[in-house]
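Residue numbers (my numbering), protein chains in the order written: chain A, 1 to 365; chain B, 1 to 365.
Before any comments, here is the structure.
There are 2 protein chains.
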Amino acid sequence: MEKPSRRSGGSITVQDVARSAGVSAMTVSRVVNGGANVRQSTREAVLAAIEQLNYWPNTAARSLAAGEAAQIGLLYANPSLAYLSNFLIGALEGARKVGCHLVLEPCEGDSAEEQAEGARRFASTAVQGVILPPPLSDSVPVRDELDAAGTPSVAVAVGVAQPGRASVRIDDRAAAQAMTQHLIDLGHRRIGFVAGDPNNGSSAERWRGFVAAIEAAGLDLADMPVEQGYFTFRSGIDAGEKLIDRDDRPTAIFASNDDMAAAAISVAHRRGLQVPEDLSIVGFDDTSLATTTWPEITTIRQPIAAMAEAAVEMLLAEIRDRRMGQGEGAGEDRVLDHELIVRESSGPAPVAAGRPGMARRRPAA
Amino acid sequence: MEKPSRRSGGSITVQDVARSAGVSAMTVSRVVNGGANVRQSTREAVLAAIEQLNYWPNTAARSLAAGEAAQIGLLYANPSLAYLSNFLIGALEGARKVGCHLVLEPCEGDSAEEQAEGARRFASTAVQGVILPPPLSDSVPVRDELDAAGTPSVAVAVGVAQPGRASVRIDDRAAAQAMTQHLIDLGHRRIGFVAGDPNNGSSAERWRGFVAAIEAAGLDLADMPVEQGYFTFRSGIDAGEKLIDRDDRPTAIFASNDDMAAAAISVAHRRGLQVPEDLSIVGFDDTSLATTTWPEITTIRQPIAAMAEAAVEMLLAEIRDRRMGQGEGAGEDRVLDHELIVRESSGPAPVAAGRPGMARRRPAA
DNA sequence: AAGATAGCTGATAGCGCTACCAAATAGCGG
DNA sequence: CCGCTATTTGGTAGCGCTATCAGCTATCTT
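As structure tokens, then:
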């Protein structure tokens with residue numbers, strides 16, 4: 001005769017799995033967690049039982065037994081609030097799934113000292129790991145501080161994988177290449193590029209993607225005017241003016257993010273140019289800005305929420321591994337899919353072929 | 001000889017409190033939770049012990065023993081992402097404190113059916129309560145659906161308390177009155193008002209606050225031009241144009257939120273007016289927009305994060321009460337402090353006294 | 001071949017709290 | 001002052017999981 005659990009509507013437990021797999025509860029626990037020292041055949045049997053019974057560990061029991069709070073930190077520094085929202089939505093979902101709590105900590109200031117200070121605040125709190133959204137994901141002081149404290153971390157939206165450090169990102173290079181190809185397919189042969197902040201790893205990757213597409217199409221990189229930007233609207237104005245006021249104005253501008261693309265659009269409008277009829281302008285990131293300008297911006301969408309969710313999941317896996325004495329994980333680098341979003345700001349190159357920029361230069365003011 | 005706990009660095013437990021208060025652990029639990037049937041003197045002894053030992057219940061153990069997941073829902077519908085960020089930051093902090101998880105659910109669409117659908121999604125999920133940020137806090141379909149399912153909810157940022165429903169809000173009326181008084185103190189005697197969305201409870205309160213200040217100052221409400229707005233930038237443009245193009249243009253405009261204030265500023269600039277020299281314009285909410293326009297907007301700050309945190313805390317208290325069979329709580333209405341933030345968009349009324357609007361009307365274009 | 005080493009598994013004992021019920025105490029009319 | 005009900009309190013038994021350590025099976029040594 002079964003004795004039905006007193007409370008909690010009979011959800012399946014380790015015991016059920018253990019019985020089904022013909023092992024002890026302890027072995028199931030080992031398999032579920034990180035599974036040091038479990039024979040392969042045993043592991044498979046347990047996993048099969050878990051699968052079959054659709055078992056999910058009870059997070060409350062888990063943290064109670066493990067005697068730990070299971071809190072993970074999220075250190076953020078003045079990103080756009082829209083980005084943070086999306087990031088939080090994903091992180092929250094991830095935290096719920098793995099059954100841990102999110103502890104937020106704002107990090108003011110750009111100086112190395114202030115960033116290190118932000119990271120240190122987590123050392124004192126009881127968090128088992130930290131996830132770092134941009135721009136902190138590229139911060140060396142933060143990284144050093146965390147490493148010194150032995151706190152695992154996951155960097156989100158970095159340009160390239162950092163050795164020995166877990167990261168979640170999109171393939172900035174491939175995305176930029178796809179975007180550039182989109183412009184080339186529309187007939188553009190002279191494409192201006194606005195680079196992003198040189199301190200940011202993604203900037204370099206986006207530039208490389210641009211170069212790769214240009215070269216793959218057999219075009220001459222020397223024909224592509226390039227201006228330095230810093231991911232801010234203001235820097236986009238400056239870069240946009242320089243590109244648009246050239247005698248050999250490009251027929252398209254690829255800005256390294258949406259803010260700078262929006263800025264370029266406003267410059268174009270001030271100069272009396274139609275977007276995209278006279279000039280195509282594209283961005284990157286698909287922030288809310290991309291749809292609150294006119295025309296709406298063709299851009300690259302990053303799966304922000306999914307990236308945050310993945311980061312939480314990876315971090316917790318690493319925390320478990322460390323606790324089970326697996327040593328440091330290899331620092332997984334997970335790359336998620338991006339998406340090219342074609343909106344109204346990009347269109348066919350103007351028909352006046354050959355030297356499009358020259359053909360309709362506006363009269364000097 | 002004490003046997004030191006095997007794991008978990010000796011944090012204080014119910015047992016410690018029970019011993020210190022000279023009661024059983026069970027009694028401590030009762031006091032901590034909702035405390036049905038505990039003698040007053042006993043309760044006080046326990047509370048004193050809790051205070052003295054600085055005891056905090058272990059949330060993991062609690063939800064494990066209670067056999068419940070302790071999840072609370074957050075139903076959101078296209079607010080500004082900046083608002084959502086702040087809200088989430090507070091809600092997360094609150095959830096961490098009370099030891100429950102947040103489950104987010106987006107609610108698309110404005111129709112009654114879609115809103116009810118959003119609320120229903122929570123009935124199927126296992127959440128014990130729901131918190132509702134604006135604009136859903138005013139939604140009747142959502143409220144009805146939740147009530148029908150017997151799910152407790154807390155409405156955040158409603159205009160006035162709803163009978164039988166817990167709510168967290170600021171005193172919109174007092175805030176609007178303070179803002180209006182600020183303008184009157186600056187010498188303005190003809191103040192234009194842009195009303196908010198008529199479906200929103202806060203709108204009416206802000207209007208009442210405006211009226212109260214005008215009347216308290218002995219001014220004639222009939223001198224105050226009023227336009228209907230809908231909390232959108234676009235509606236602010238229309239309302240701003242109507243107010244600014246009047247022959248008896250007001251010397252100040254009080255828009256019911258920052259978006260509409262920003263819109264009014266852009267209209268003023270297009271008409272060649274200086275803000276605040278020729279025209280003061282103030283907003284409400286202190287969203288990020290307030291500091292990304294020029295000049296920065298004088299506005300009312302709502303403690304968004306604190307409101308969200310309070311909402312979580314109140315909701316959990318209600319959930320506990322219900323479980324302990326305390327019957328439905330009275331629906332507490334908590335009012336948090338707002339703050340008048342004076343920035344550059346408000347200044348003294350133009351010196352041409354008496355009929356300020358008339359005195360410097362711009363020549364017809 | 002006996003002993004040592006390493007790898008794998010299970011029995012036991014809680015983690016801190018609360019549900020359940022039994023026991024004790026208080027209140028009250030007769 | 002006694003039974004009786006109403007209220008308050010405590011004892012016991014887990015909630016589902018994991019740390020610890022003992023036992024057990026292969027794989028090496030010498």
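Backbone N, C-alpha and C fix where the C-beta goes; we use that ideal spot for every residue, glycine too.
This one's a predicted model, so the numbers in the text were calculated from it and none came from an experiment.
- When the five nearest sequence neighbours on each side are left out, no beta carbon in the same chain lies closer than 8 Å to the beta carbon of residue 65 of chain B.
- One alpha carbon belongs to residue 120 of chain A, the other to residue 322 of chain A, and they sit about 20 Å apart.
- Within the region 93 to 159 of chain A, the complete beta strand (DSSP E) segments at least 3 residues long are 101 to 106, 129 to 132, 153 to 156, listed from N- to C-terminus.
- Under the three-state reduction of DSSP, residue 36 of chain B is assigned to coil, being neither helix nor strand.
- When CB distances to chain B are screened at a threshold of 8 Å, not a single residue of the region 291 to 315 of chain A falls below it.
- In the same chain as residue 214 of chain A, and ignoring 5 residues on each side of it, the C-beta atoms closer than 7 Å to its own belong to 180, 221, 224, in chain order.
- Residue state for residue 268 of chain A is assigned as helix, using DSSP reduced to three classes.
- Burial check for residue 189 of chain B: the Cβ neighbour count within 10 Å reaches 16 or more, so the residue is buried.
- Annotation: the region 190 to 267 of chain A contains the following complete segments of the beta strand (DSSP E) (minimum length 3 residues), in chain order: 191 to 195, 226 to 228, 252 to 255.
- Taking 9 Å as the Cβ-Cβ cut-off, the region 98 to 118 of chain B approaches chain A at 99, 101, 102, 103, 104, 106, given in chain order.
- For the pair residue 343 of chain A and residue 299 of chain A, the Cα-to-Cα distance works out to about 8 Å.
- Within the same chain, and ignoring the five residues on either side of residue 197 of chain B in sequence, the residues whose Cβ sits closer than 7 Å to its Cβ are 203, 230, 231.
- Contacts with chain B at 9 Å (Cβ-Cβ) include residue 92 of chain A.
- The beta carbons of residue 73 of chain B and residue 103 of chain B sit closer together than 9 Å.
- Assigned with DSSP and collapsed to three states, residue 281 of chain A falls in strand.
- Here DSSP, grouped into helix, strand and coil, assigns residue 16 of chain B to helix.
- Nearest CB-CB separation between residue 84 of chain A and chain B: below the 9 Å threshold.
- At a cut-off of 9 Å between beta-carbon atoms, residue 288 of chain A makes contact with chain B.
- Counting along the chain, residue 299 of chain B sits inside the beta strand (DSSP E) bounded by residues 299 to 301.
- From the listed residues B/247, B/248, B/249, B/264, the smallest Cα separation to residue 255 of chain B is found for B/264.
- No Cβ-Cβ contact shorter than 9 Å links residue 76 of chain B with residue 14 of chain B.
- Within chain A, no residue has its beta carbon less than 9 Å from that of residue 266 of chain B; the closest one is some 13 Å off.
- Judged by their CB atoms, residue 308 of chain A and residue 53 of chain A are not nearer to each other than the 9 Å cut-off.
- Taking 8 Å as the upper bound for CB-CB distance, residue 250 of chain B and residue 187 of chain B are not in contact here, some 13 Å apart.
- For residue 280 of chain B and residue 106 of chain A, the gap between their C-alpha atoms comes out near 34 Å.
- Where residue 169 of chain B is concerned, the enclosing beta strand (DSSP E) starts and stops at 166 to 170.
- Residues of the region 179 to 204 of chain B with a C-beta atom less than 9 Å from some C-beta of chain A do not occur.
- Closer than 9 Å to the CB of residue 237 of chain B there is not a single CB belonging to chain A.
- Per DSSP, residue 334 of chain B is one residue of the beta strand (DSSP E) stretching across 333 to 336.
- Under the three-state reduction of DSSP output, residue 76 of chain A falls in the strand class.
- Residue state for residue 309 of chain A is assigned as helix, using DSSP reduced to three classes.
- Not one beta carbon of chain B lies nearer than 9 Å to the beta carbon of residue 232 of chain A.
- Contacts between residue 63 of chain B and chain A, judged by CB atoms closer than 7 Å, involve 60 in chain order.
- What residue 96 of chain A touches in chain B, judged by beta-carbon distance under 8 Å, is 71, 101, 102, 103, going in chain order.
- Put simply, of A/41, A/108, A/11, A/244 the residue whose alpha carbon is nearest the alpha carbon of residue 21 of chain A is A/41.
- What residue 89 of chain A touches in chain B, judged by beta-carbon distance under 7 Å, is 104, going in chain order.
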